[in-house]
Each structure stands twice: as C-alpha cells, then as structure tokens.
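Enquirer: Got a structure here, written out as structure tokens. Questions coming.
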Amino acid sequence: MQIGITSTTQARLNFPTGRPTNPSPLNPLIRPSSSSSSATQTVALLDQLAQPQTTHESTKTHLSNLDKLLKKQPPPPTKHAPAQNKGTKRLFGGLDLAKGTWPQMKAMEDMSPRNLHHLQRLLFKSPDYSPRSNLSHRWRDYHGRNDWDGLLDPLDHNLRREVVRYGEFVQSAYHAFHSNPTTSTDGPAMLPQHVALSDKSYKVTKNLYATSSVGLPKWVDDVAPDLGWLTQRCSWIGYVAVCDDKREIARMGRRDIVIALRGTATCLEWVENMRDFLVRLPNTNHKSNNDHNTKYKAKVECGFSSLYKTSSSLIPSLAETLVNEVTRLVESYKGETLSITVTGHSLGAALALLAANDLSTSLNSTNINGMTEEAPPIAVYSFGGPRVGNRGFADCLTSNGVKVLRVVNSQDMVTKVPGMFVSEMLDEKLRREAKANGLLDVLDNNMPWAYSHVGKELRVDSKMSPFLKPNADVGCCHDLEAYLHLVDGFLSSNCPFRSNAKRSLVRLLHEQGSNVKKLYTSKAKALNVNLDKEQMLISTCLPSPS
1 MQIGITSTTQ
11 ARLNFPTGRP
21 TNPSPLNPLI
31 RPSSSSSSAT
41 QTVALLDQLA
51 QPQTTHESTK
61 THLSNLDKLL
71 KKQPPPPTKH
81 APAQNKGTKR
91 LFGGLDLAKG
101 TWPQMKAMED
111 MSPRNLHHLQ
121 RLLFKSPDYS
131 PRSNLSHRWR
141 DYHGRNDWDG
151 LLDPLDHNLR
161 REVVRYGEFV
171 QSAYHAFHSN
181 PTTSTDGPAM
191 LPQHVALSDK
201 SYKVTKNLYA
211 TSSVGLPKWV
221 DDVAPDLGWL
231 TQRCSWIGYV
241 AVCDDKREIA
251 RMGRRDIVIA
261 LRGTATCLEW
271 VENMRDFLVR
281 LPNTNHKSNN
291 DHNTKYKAKV
301 ECGFSSLYKT
311 SSSLIPSLAE
321 TLVNEVTRLV
331 ESYKGETLSI
341 TVTGHSLGAA
351 LALLAANDLS
361 TSLNSTNING
371 MTEEAPPIAV
381 YSFGGPRVGN
391 RGFADCLTSN
401 GVKVLRVVNS
411 QDMVTKVPGM
421 FVSEMLDEKL
431 RREAKANGLL
441 DVLDNNMPWA
451 YSHVGKELRV
461 DSKMSPFLKP
471 NADVGCCHDL
481 EAYLHLVDGF
491 LSSNCPFRSN
501 AKRSLVRLLH
511 EQGSNVKKLY
521 TSKAKALNVN
531 LDKEQMLIST
541 CLPSPS
C-alpha cells in the first residue's frame, strides 16, 4: 500500500517546486546536519512525506521515525538518580575544575605572561618597594629582641622590607668592589672606595679591607698582570655606614649603624674558604651564668678567622678596623638610641658573625667612669651563609646577646658546608637522648669538622618561584639577587610565593637570565626591556663568583 499527500494538501503547504531535498532526521539513508534546527528538521520531514514512496519498508521507517520525533521527551532525572550513575557523578564531582583548580591557579595566572600589566610593572626598572611603615614603636622586635618570634611564618611585611633593605646594602658592596677591584698598596695612604648606596639616608664612614694570610707565587702575577686583583692578598670587602637622615631616624626609632660585607671574589679568598678545619677562637670573652654554655670550647673555621684577623704592613686587620670605627661612632652619637646591624652574603655572612661576636665583647667591656656602659643591640642578617663555628661559638654569640637571622635557600649548597653533612634538625633530635648527647658533646670539642649553625632561620626555596626554572643551577641558588627575589615573594610556608610581589625582575633577568623561564625572557624582549649591562640605569651587583 502506498501512502501519499493529495494535491490540495500540497497546495495548502505551498511547497516551492524544484527545491532541493534537505537532510531529514527521519530518513535513515540521509545523515542530518549537526547545525540543523528543529524547525528545519520538521520542514524536511514534511517535504520528505510529500515525495512519493515506493516500498512498504520505507513507509514503516518514516512512520517509526515520525513517532520517535513526536514522542514526548522524558522528564529530567530527579535527585534520586539510579545507582549506576553514582560512580559517574563521583568521578566528575572529583574533577570540579571550576572550584578546585582555577582558584588555586589564580595566583600563578596573575604572575604569568598573560597578565601584561603585572609583568610590565615587574619589568619596570624603577624598583617598587614594599611600603615603609613606622617602626619606632616596634623596632626592637624587628631587630630580633625576641628572636623574631611570630614574624617569620607568615613573614611580617615590615620585616620583609627590612631584610630586603639590608640585602641591598650588600649589593652595594658587590657593585663597589667590581667597579674598582684593585687595591693599591704602593702609596702611603689608601684611596677611599666609592660606594653608591641604594638607601640615600645612610652615609659611608669607613672602607673595610680583608687580608689573606697566604699568598701565591710572584710568577702568577707575571703571567696575568691584568688580573692582579684576583691574586692580591688585600682586597676591599665592605664598608661601615650610619643613618644620617632625621626623617628616617624617626621612622626607624633609632640611629642605625650598618656593616655590609660582600662574598668571595678573589683567588686567595677561595683558598681561605678551603681551610675548613676548626681553630680555637682567640680572646674569647665568654660570660654566662649558664654552666651548659661553658662546656664547649668556642672554635671557628681557620680560613674565616684568618681573613678577619690578618693585617698587612699598610692596612690593619678587618677586626681592628671594624671595632675602632664602630666604637668611634658609638662615642660620637652618645646619648642617642643606637642599633648595630651586620649584614653579609656568602663569605660576608661568615665574617658578619665574627664581627658581631667581636663587637659584642668589645663594646660590652668599654668602661666609662668605672661603669660598664650597655652596648647597642647587635643583629646579623645573613644571606646564603656557610657554617662558621662549632656549638661553643654559637653559644658564645647567644650569651653575648647577638641576634642572628639566617636567610637560607633550600637549594643552596653553600649553607650546608663546611662540616659533616648532618642537618641541625637531626642534631637536635639526637641530643634529646642522654647517651647520644654525651657522645655529641665529645665530638663537638674534639672533632675538627663539628660545625653548627647559629640563630633563627628564614627558609625560602628557589623551586617555589614562578619565574625561576625548577632546575636552576648552583650559581643561581646562591646568587644574592635570587635571594632577595625569593624573600620579596615569600609569604609563609603554606604559600611560598605571593602573587603581589613587588621587586623588579630586571636585576634577576640581568644576573640570572639563563635560569629564568623562557616565557618571561621572551616577554621581556617583546616589551623591549633593555638588559644590556653597560646601559642599565639601576645600580646592581655583579654575579657572585660562586
């Protein structure tokens, strides 16, 4: 039987003649277009029905498809879904990308090259510092009175700014040395080294020199006369500066005396670093009422002590120069509230501990009219510093009231030497047992490599920086600018890098371009950031020799 549509029905539908047949969802032989609407499909159905049919199977197929099309769709499933759908719902519920992934990646997205405004601000050459708050009421807390308790994790924003500021004093020391590394000892007087301080509220009062106790054969200078500064025994290593701005003194709540010391730069300084056996600390003035602190003999690394104590025929030792200059400044500003801050990187961090210990004993023993005058508080901010002495030296610093904040990169190998590769956490755990504690005491007093760190630790990690490569090399992990970059970004142990970090990336790209992710180096080129060493306007330090 054939079923068709009469001419009257065809006229009423008013189908245009000669129109091409549209694909219909009712015809199994014609695949419908994915972009066809329901109205188009209905028209195509009527058009298909208007065509004469020839077979019974074709008619049954049309009627079946028409029934499926007109059939009422079932209502959406209720909350009580079938049991077989629970696994699927749990699967996709666990993949809730909108709630789980995107908020966690928001900080990373803010610091990605996609956010051109943020990246362009970070690549701007003028540094955007964290706000300088008034510290006059709490400056002793930020100077370590309570060992920075409650300020390190999460990192207090005022303390972050202070740590970065003292690190920039060391950068000025690096820059001053590399701008004129040669130390002339021919004349009767040393020419002062020009130091360009980033903090203009301070003025330099004294240049500091360190002398090595070892020397190289004369033929080395004959072979490379232009590199004589690499083999010279005496080298400029830092400076003493004092705050001389009334507004800054009022903001900080005291007049601050800063001692900044650079890291290793010459061959003989490297030779001294390798002399890593412990020697007795001379002239140890160890005063303490705690008997526990007196059972250790204070010892320090031989090479560090040599650089600190050795003098030449024309230049006094670093120890003598430091103590005399700081004593003079304390006398000059008698009656004012003073603080002494010693800061250094690498070798400079080691010498900073020796200087702080020396100053604490020297200033405390200064008698005025038969009375011992209380010395200004002394704090040390060290970056990437190695171990300097044994537990007796650490106890000596603590008993003399010296506060030490060590900034440590977890990937920096320098902070794990010299000495046996035993972490401080393991050492503390072993000392809780009576038998192990007695054995460790014997080793501390007799072994030549029984080193121990001192002070509180601010631990950062270069792998947590969104800008540095996870496999950054050893030099980058020890570089001072990388340290300041990590400190500026550090928020807490649960959030190692904050999204609103303010420190410019220009120095980091300039010093460690090969260790910065290619996304950022390419974006810097796209923004026409000039990284030419000779044309850079900012005052920066050269890479650490390590």
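Going by UniProt numbering, the first residue of the sequence shown is number 1, and it counts up by one from there.
C-beta atoms are modelled at their ideal positions from N, C-alpha and C, and glycine is treated no differently.
What's the call for N494, buried or exposed, on a 16-neighbour Cβ count within 10 Å?
Expert: exposed
Enquirer: Please report the distance separating the alpha-carbon of D395 from that of G455.
Expert: 10 angstroms
Enquirer: Tell me which residue opens and which closes the alpha helix (DSSP H) that K246 is part of.
Expert: K246 to M252
Enquirer: Does H137 pass the burial test, meaning 16 or more other C-beta atoms within 10 Å, or should it be called exposed?
Expert: The residue in question, H137, is exposed, as its Cβ has fewer than 16 Cβ neighbours within 10 Å.
Enquirer: Would you kindly work out how many angstroms separate the C-alpha atoms of Y202 and V164, rounded to a whole number?
Expert: 16 angstroms
Enquirer: Which residues share a DSSP beta bridge with K299?
Expert: R280
Enquirer: Going by DSSP, name the residue or residues bridged to G389.
Expert: Note: G389 sits in a beta bridge opposite V300 and S452.
Enquirer: On the DSSP bridge assignment, give the partners of W236 in chain order.
Expert: Y209
Enquirer: Where does L329 sit, in a helix, a strand or coil, going by DSSP?
Expert: helix
Enquirer: Give the range of the alpha helix (DSSP H) segment to which R160 is assigned.
Expert: Looking at the DSSP string, the run of the alpha helix (DSSP H) that includes R160 is H157 to S179.
Enquirer: Is it buried or exposed for K523, if we count other Cβ within 10 angstroms and need 16 for buried?
Expert: buried
Enquirer: Since G385 contacts T415 with CB under 8 angstroms, what's their CB separation in whole angstroms?
Expert: 7 angstroms
Enquirer: Quick check on the burial criterion: 16 or more other C-beta atoms within 10 angstroms. Buried or exposed for residue 562?
Expert: With the chain covering 1 to 546 only, the question about residue 562 has no answer from this structure.
Enquirer: Rounded to whole angstroms, how far is the Cβ of I257 from the Cβ of I340, which I believe are closer than 8 angstroms?
Expert: 5 angstroms
Enquirer: Can you tell me which of the three DSSP states A524 falls into?
Expert: Shown here, A524 sits in a helix according to DSSP, grouped into three states.
Enquirer: Give a yes or no on whether the C-beta atoms belonging to Y209 and T231 are separated by under 8 angstroms.
Expert: no
Enquirer: When the Cα atoms are used, what is the spatial distance from S362 to P377?
Expert: 13 angstroms
Enquirer: Pull up the distance between the alpha-carbon of A526 and that of L508, whole angstroms please.
Expert: Their Cα atoms are separated by approximately 17 angstroms.
Enquirer: Roughly how many whole angstroms lie between the Cα atoms of N158 and K200?
Expert: 19 angstroms
Enquirer: Using three-state DSSP, classify A482 as helix, strand or coil.
Expert: helix
Enquirer: Might you give, ordered along the chain, the residues of its own chain that have their beta carbon closer than 6 angstroms to the beta carbon of R251, omitting 5 neighbours on each side?
Expert: Cβ within range, chain order: N134.
Enquirer: May I ask you to list the residues that DSSP assigns as paired with N409?
Expert: In the DSSP output, where bridge partners are listed per residue, N409 has V460.
Enquirer: So Y333 packs on Y166, CB below 8 angstroms; how close in whole Å?
Expert: Not a contact, Cβ separation roughly 20 angstroms.
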